[in-house]
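Going by the working numbering, the first residue of the first sequence is number 3, and it counts up by one from there.
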Amino acid sequence: MSDIRVRFAPSPTGKVHIGNIRAAIYNWLYARHTGGKFLLRVEDTDLERSTPEAIQTLMDCMEWLGLDYDEPVFYQTKNVARHLACVEKLLADGRAYKMEKTSRDGKTGEVVMFRMPKDGTLAFDDIVKGHMEKKAEDVPDFAIVRSDGSPIFHLANVVDDIDQGVTHVIRGDDHVENTFKHLELFRALGATPPRYGHLSMIVNAQGKPYSKRDGAAFVGEFREQGYLPEALFNYLLLLGWNPGDDREVLTRDEMVALFDIEKVHVTAAKFDIKKLQWMNGEYIRRAPRETYRAKMLEKLREAGYAPEEGPALEMLVDQMQVRTKFWNDIPAMAAPFFTDDYPVDEKAVEKRLRKPGVKELLLDLASRFEALEPFTAAAGEAMVKELSQGGGMGPWVHPIRVAVSGRGEGIGLFEMCEILGRKRTVERLRRAAAAL
RNA sequence: GGCCCCCUCGUCUAUCGGCUAGGACAUCAGGUUCUCAUCCUGAGAAGAGGAGUUCGACUCUCCUGGGGGCUGCCA
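Set out below in C-alpha cells:
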C-alpha cells in the first residue's frame, strides 16, 4: 500500500480516444504498481455532450480494458458549489478579480480572472519531461468563471484534484502549459500540489495528433473490429514505454510489476496499426484453447450459425486458432462449414477448376471419398498421396479445396473434408463438377 | 509571431561516454507444408546537419534545420 492517488478525468463525449485511454492505462498501471489508488472522475460539465449514454460508453471502455477504479465515480457537476466557494476565497484573498471581457465568439460579460505572479519564474519537475521552467510574464492571468457564472476547466480541475486527494497527475502533453497555471491555483487555495507527468501524444504518419481520419481512433472502433482488449492495452502501453529488455508481449501481472512511470518516453509516438494487428494475432494464438473456442462459438452464433458439439468442431477450433487475426474474421472463415450458401471466389474457380480434365477428376474423387474408410483426414491424405504417387499432391488438393469450400486457401484440406463429413464433401465435389 | 518541448532503421524502441549500434513490427529471400496461416533461418534498413568538450560522443554543450504543443468565457 502507498498513499499515491491518481485519476483518469475524461470528459465524456461519446467516444474514447486512444490517446486518452493510454493516459488511463498509464495511471492505472502506476496505481497498481505502487499499490496506490486509481480514481475515475467524469468531467461532465459540458451538459450537451455528457449524456448518460456518453458516460456509459466511457464506463464500457474502461471495463472492456480491465481498468477498474478504487472509489465511487466522482462527477464534476456534483462539485460545482465547491468550485464556486473556492472562487469566493480567491476573490477575498485578492488572488482573483472580476473583469469585463469579450470572448472569442463576441460574448461580452463579467468573468472572474485568476491573478498569476507578474515576475520571477514558474517551475516544476515533470515526472516524464524533467525540469520545466517559464518566466512568469509568459503566463498571463486567465479566466476561471464564465460570465454565466459557471466554473472553467482550470478551476474545476484543480479543486476536484484537491477534493479527491490526487497526488500525481498523469495526463496528456496538451496540458503541459496549463500546469504552470494549475500549480498556482493549488497554492492560492492553500493546497499541496500534486506531482505532474505529461505523456507525449500519439501521432499519425504525418506527425499530427492521431485522429479519426487516420483510421480507428476510438476504443469502441477497435472493439467493433474484433481487437482483443489485451492486445490494444499492450500495444498502447508499448507506445511510449518498455520494460527495458526485449519483452513486448506482456501479461497484465508483468506490466504491473515492471511499469515505471519515470521511464515513460518524452517523444511523440506514431501509431502503427500493423504492429497492433500482429499483436492481436499473437494474443489470439497464445490464448488458451478454451478461450478461443468459446469466442469462436460466440462469433458463429452471432452470425446465425448453429455449431454442434463433436469432434468435427474441436478439429475446426484447432485448425482456425492459428489462422485467426481478428475475432470478426471467424464467421467468414468458417462459413463453408455451417452453410451451403458460402461465398465462392471466382478467381480460384478459374484457376483450379476451369481446366480440362478437372470435371472428371472431381467425379472420380467423389466416388473415392464415397468409398473411403474411415472417413478421416488421415485416410483422405493417404488416399491422395497414393494417387499422386510421390509427386506433389497439388493437382488433387487444389481442385478439391475450391470445390468444397469455394476458396483457394484455408485450413488443412483433409481436416476440412473430415469436418464437412462424407456426405457434404461428396455432394460438393459433384456439384462443382456439374457446374463445369 | 511569442513561449515551451522533441529528433536512433519505414514504425515502436535498446543504448545510463567505449558500437562490429541490439530487438520487435513491416519488407524481401529461403526452409517446413496440400493452400493460407503458424513456425524456423537469413537479408537489407538508423544516430537530422554542423561546431565544441573528450583519449574516445548516438550518448554531454551550443548553433542550424525539421517536427509538435500552447498562446479561449474548450477541455
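Where a beta carbon is used, it is the ideal one built from N, C-alpha and C, also for glycine. Predicted, not measured: the structure shown is a model, and the values here were computed from it.
Requested in this report: Could you check if TYR99 is buried or exposed, using at least 16 other CB atoms within 10 Å of its CB as the buried criterion?
Outcome: TYR99 should be labelled exposed.
**Report entry** Segment limits, alpha helix (DSSP H) that includes ALA305
**Finding:** No alpha helix (DSSP H) holds ALA305; DSSP gives it neither H nor E.
Query - Bridge partners - LEU124, DSSP secondary structure assignment - result: For LEU124, the beta-bridge partners assigned by DSSP are LYS136.
Query - Boundaries of the alpha helix (DSSP H) in which PHE339 is found, first to last residue - result: Taken as a continuous stretch (DSSP letters only), the alpha helix (DSSP H) holding PHE339 covers 332 to 340.
Report task. With a threshold of 16 other CB atoms inside 10 Å of the CB of GLN439, please say whether the residue is buried or exposed. Result -> The chain is shown only over 3 to 438; residue 439 falls outside these bounds and no answer can be derived.
**Report entry** Same chain only: Cβ atoms within 7 Å of ALA350, ignoring 5 sequence neighbours per side
**Finding:** For ALA350, where only same-chain residues beyond five positions count, the Cβ hits under 7 Å are VAL404, ARG409, GLY410.
Requested in this report: Please report how far the alpha carbon of GLY414 lies from the alpha carbon of PRO401, in whole angstroms.
Outcome: Cα to Cα, GLY414 sits roughly 14 Å from PRO401.
Report task. Report the residue from ARG432, ALA373, VAL266 whose alpha carbon sits nearest the alpha carbon of VAL406. Result -> From the listed residues ARG432, ALA373, VAL266, the smallest Cα separation to VAL406 is found for ARG432.
Report task. Report the three-state DSSP secondary structure of PHE377 (helix, strand or coil). Result -> If DSSP states are grouped into helix, strand and coil, PHE377 belongs with coil.
Query raised in the report: Smallest Cα separation from ASN206: which of ASP143, PHE273, ASP176?
Result: Comparing Cα-Cα distances from ASN206 to each of ASP143, PHE273, ASP176, the minimum goes to PHE273.
Query raised in the report: Are the beta-carbon atoms of SER52 and PRO14 separated by less than 7 Å?
Result: Cβ atoms of SER52 and PRO14: closer than 7 Å.
Query - Residues bridged to VAL113 (per DSSP) - result: Partner(s): MET101.
Query raised in the report: Using 8 Å as the Cβ pair cut-off and three pairs as the minimum, do the stretch 334 to 346 and the stretch 297 to 313 touch?
Result: Three or more Cβ pairs closer than 8 Å define a contact, and the stretch 334 to 346 meets that threshold against the stretch 297 to 313.
Query - Cβ-based neighbour list, ASP175, same chain, cut-off 7 Å, excluding 5 preceding and 5 following - result: Around ASP175: HIS200, LEU201, SER202, MET203.
Query raised in the report: What's the call for LEU240, buried or exposed, on a 16-neighbour Cβ count within 10 Å?
Result: Answer is buried; the Cβ neighbour count reaches 16.
Query - Endpoints, alpha helix (DSSP H) assigned at TYR285 - result: First-last of the alpha helix (DSSP H) with TYR285: 275 to 288.
Query - DSSP three-state assignment for VAL82, whether helix, strand or coil - result: In this structure, VAL82 counts as helix in the three-state DSSP scheme.
**Report entry** Closest residue to ASN330 among GLU226, VAL360, CYS419, GLU310 (Cα-Cα distance)
**Finding:** Nearest to ASN330 by alpha-carbon distance, out of GLU226, VAL360, CYS419, GLU310, is GLU226.
Query - Option nearest ARG291 by Cα separation, candidates LYS276, THR269, HIS267, LEU318 - result: Ranking LYS276, THR269, HIS267, LEU318 by CA distance to the CA of ARG291 puts LEU318 first.
Query raised in the report: How is the beta strand (DSSP E) around VAL171 delimited, first residue to last?
Result: Looking at the DSSP string, the run of the beta strand (DSSP E) that includes VAL171 is 170 to 174.
Query - Residue nearest to ALA296 in terms of C-alpha spacing, selected from LYS277, ASP46, GLN279, GLN323 - result: If we check each option's Cα against that of ALA296, GLN323 comes out closest.
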